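What follows is a set of notes on a single structure, which appears directly below.
Numbering (our numbering), first residue to last: 8 to 72.
Below, the structure is given as structure tokens:
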């Protein structure tokens with residue numbers, strides 16, 4: 008928790024501190040970190056684990072400035 012404040016991370020951080028054994032990790036097939044999920048305004052996961060150019064492309068298509 009101190010690292011989140013120290014690094015000034017402003018986005019939502021989620022952990023139940025149970026690691027790979029947590030129900031959430033199993034539910035969303037989280038097998039490594041970091042993981043990212045793009046969630047639409049209705050709360051539906053529309054993409055996960057986007058990186059690099061693919062991340063920029065999808066965000067450009069989905070996020071209106």
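Built from N, CA and C at the ideal position, the CB exists for glycine as well. Small disclaimer: the values here were computed from a predicted structure and weren't measured.
At what residue ranges does the region 10-54 contain a whole run of the beta strand (DSSP E), taking only runs of 3 or more?
-> 44-46
Residue 56 to residue 62, Cα distance in whole Å?
-> The residue given as residue 56 occupies position 49 in the chain shown. The residue given as residue 62 occupies position 55 in the chain shown. C-alpha separation (whole angstroms): 8 Å.
Please state whether DSSP places residue 70 in a helix, a strand or coil.
-> Counting from one through the chain shown, the residue named residue 70 turns up at place 63. Three-state DSSP puts residue 70 in coil, outside helix and strand.
Rounded to whole angstroms, what's the CA-CA distance from residue 16 to residue 27? Just pull it up for me.
-> Locating residue 16 in the chain shown gives position 9, counting from the first residue. Locating residue 27 in the chain shown gives position 20, counting from the first residue. Between residue 16 and residue 27, the C-alpha separation is close to 22 Å.
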